[in-house]
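> Have a look at the structure that comes next, please.
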Amino acid sequence: MATVVRTVRDAVAGATAALEAAGCDTPRLDAEVLIADALGVERAALHTDPDASLTPEAHAGVTERVRRRAMREPVAYIVGRRGFRGLELAVDPRVLIPRPETELLVEVWLELRAGSRVHDAGTGSGAVALAIADERPDLRVTASDASRAAVEVARANARRLGLPVEIALARGLPREARDADLVVANLPYVSEGEWPGLPPEIVDHEPREALVAGVDGLDAIRALVAEAPHGKRVALEHAPHQAAAVRSLLGDARTLRDLAGLERVTVGGVP
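Structure follows, in structure tokens:
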């Protein structure tokens, strides 16, 4: 007989068990985020009032969210948002979910003078460009993406956050962005061979074109470097094992390590 869900405590316990059985990595956390979203409260409220009763409508909302997560749909797509460097970004299957390691790419603004121009190529949800604009309002920030759907998401995020970032539909580096002082890019860098082995949250739900770039995963990065003007300063996110290869594409290159100590972002000049 199925467990009767009457309270928040019951809902959390049942959802956690279901998500653990489905193979989710963080079942308790996922359960709490989804239940809080269904109830329209902060996660902390689940702990301060665990004996609160669930209405039939709330129970239905929890059940549907847990069902989707048990099918390994990412939590960010279910709730429709993802936090990134203090910003809350709207995300859906049209764009890649921003990752914590990508926050390192934002920090390259530390080397820029006031009034410098930064362009974010392959902006996706707009995460990097919008975070830079938020943290350095003295910079001129623009962005672009080859996906019309991604541009729609990024522009909507810019409007909602009130950040003055112009976002263009363009593949690679737009001509009007070639005078930028710095180009940042989190382009696809997963290899064709790696793709089938990635978790179902990625393979079944995230846009493949935002992740995969050829046999060694570097096709998109090579293409951007090839079309950027000589001497252009670029900052490129990549997988740790690609660091040496990316450095070889640039002059005076250095690689920054993420919080896990892994080589994640390479900064250098286009030869």
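If you read the sequence shown in my numbering, its first letter stands for residue 23, the second for the next number, and so on.
Using N, Cα and C, we set each Cβ at its ideal position, and we do this for glycine too.
Since the structure is predicted, the reported quantities are computational estimates derived from the model, not experimental observations.
#1: Closer than 8 Å is the cut-off here; do at least three beta carbon pairs connect the region 269 to 286 with the region 111 to 128?
#2: Check R279 in the structure and name its three-state DSSP category.
#3: Quick one, which of L51, Y99, A257 has its alpha-carbon nearest L134's?
#4: For S138 and A58, what's the separation of their Cα atoms in angstroms?
#5: Is it buried or exposed, T38, if we count other Cβ atoms within 10 angstroms and call 16 or more buried?
#6: Write down every uninterrupted run of the beta strand (DSSP E) in the region 219 to 280 whose length is 3 residues or greater and which is fully enclosed by it, in chain order.
#7: What's the C-alpha gap between A250 and V292?
#8: DSSP three-state label for A165, please.
#9: State the DSSP-derived secondary structure class of A24, mapped to helix, strand or coil.
#10: Would you call the region 151 to 159 and the region 101 to 119 in contact, with 3 or more CB pairs under 8 Å?
#11: Check whether the Cβ atoms of A235 and L209 sit closer than 8 Å, and answer yes or no.
#12: Give the secondary structure of I100 by DSSP, where H, G and I count as helix, E and B as strand, and everything else as coil.
#13: Report yes if the C-beta of A248 is less than 7 Å from at least one heavy atom of the ligand ATP; otherwise report no.
#14: Give me whichever residues DSSP pairs with A288 in a beta bridge.
#15: Quick check: A74 and V30, are their CB atoms within less than 8 Å of each other?
#16: Return yes when the Cβ of V187 is within less than 8 Å of the Cβ of A165, no when it is not.
#17: By how many angstroms is the C-alpha of V175 removed from the C-alpha of V237?
#18: Is there contact between the region 177 to 194 and the region 140 to 150, where contact requires at least three CB pairs shorter than 8 Å?
#19: Which residue's Cα is closest to the Cα of R91: H81, T48, D203?
Concretely, from the data shown:
#1: yes
#2: Translated into the one-based positions of the sequence shown, residue 279 becomes position 257. It is a strand residue.
#3: Here residue 134 refers to the residue found at position 112 when the sequence shown is read from its first residue. When each option's Cα is compared against that of L134, the closest is A257.
#4: Taking the first residue of the sequence shown as 1, we reach residue 138 at position 116. Taking the first residue of the sequence shown as 1, we reach residue 58 at position 36. Approximately 41 Å between the Cα atoms of the pair.
#5: As a working note, residue 38 is residue 16 in the sequence shown. Answer is buried; the Cβ neighbour count reaches 16.
#6: Entirely contained in the region 219 to 280, the beta strand (DSSP E) runs reaching 3 residues are, in chain order, 255 to 259, 273 to 279.
#7: Along the sequence shown, read from residue 1 onward, the residue named residue 250 stands at position 228. Along the sequence shown, read from residue 1 onward, the residue named residue 292 stands at position 270. It is roughly 7 Å from the alpha-carbon of A250 to the alpha-carbon of V292.
#8: Against the sequence shown, residue 165 aligns to sequence position 143. Strand.
#9: Looking up residue 24 in the sequence shown gives position 2. Confidence at A24 is low in this model, with a pLDDT of 49, below 50, so the placement of that residue should be treated as unreliable; the coordinate-derived value is given next. DSSP places A24 in coil when its eight states are reduced to three.
#10: yes
#11: By one-based count along the sequence shown, residue 235 stands at place 213. By one-based count along the sequence shown, residue 209 stands at place 187. The answer is yes: Cβ separation under 8 Å.
#12: To locate residue 100, count along the sequence shown from 1; it is residue 78. Correct three-state label for I100: helix.
#13: What this structure holds is no ligand at all, so the ligand ATP is not there to describe.
#14: Counting from one through the sequence shown, the residue named residue 288 turns up at place 266. The sequence shown places Thr at residue 288, not Ala. Per DSSP, L258, T277.
#15: Residue 74 sits at position 52 when you count from the first residue of the sequence shown. Residue 30 sits at position 8 when you count from the first residue of the sequence shown. In this structure, V30 lies closer than 8 Å to A74 by Cβ.
#16: The residue you call residue 165 lines up with position 143 of the sequence shown. The residue you call residue 187 lines up with position 165 of the sequence shown. In this structure, V187 lies closer than 8 Å to A165 by Cβ.
#17: Within the sequence shown, numbered from 1, the residue matching residue 237 stands at position 215. Within the sequence shown, numbered from 1, the residue matching residue 175 stands at position 153. Straight-line Cα distance between these residues: approximately 29 Å.
#18: yes
#19: Start at 1 with the first residue of the sequence shown, and residue 91 comes out as number 69. Of H81, T48, D203, the residue nearest in Cα terms is T48.
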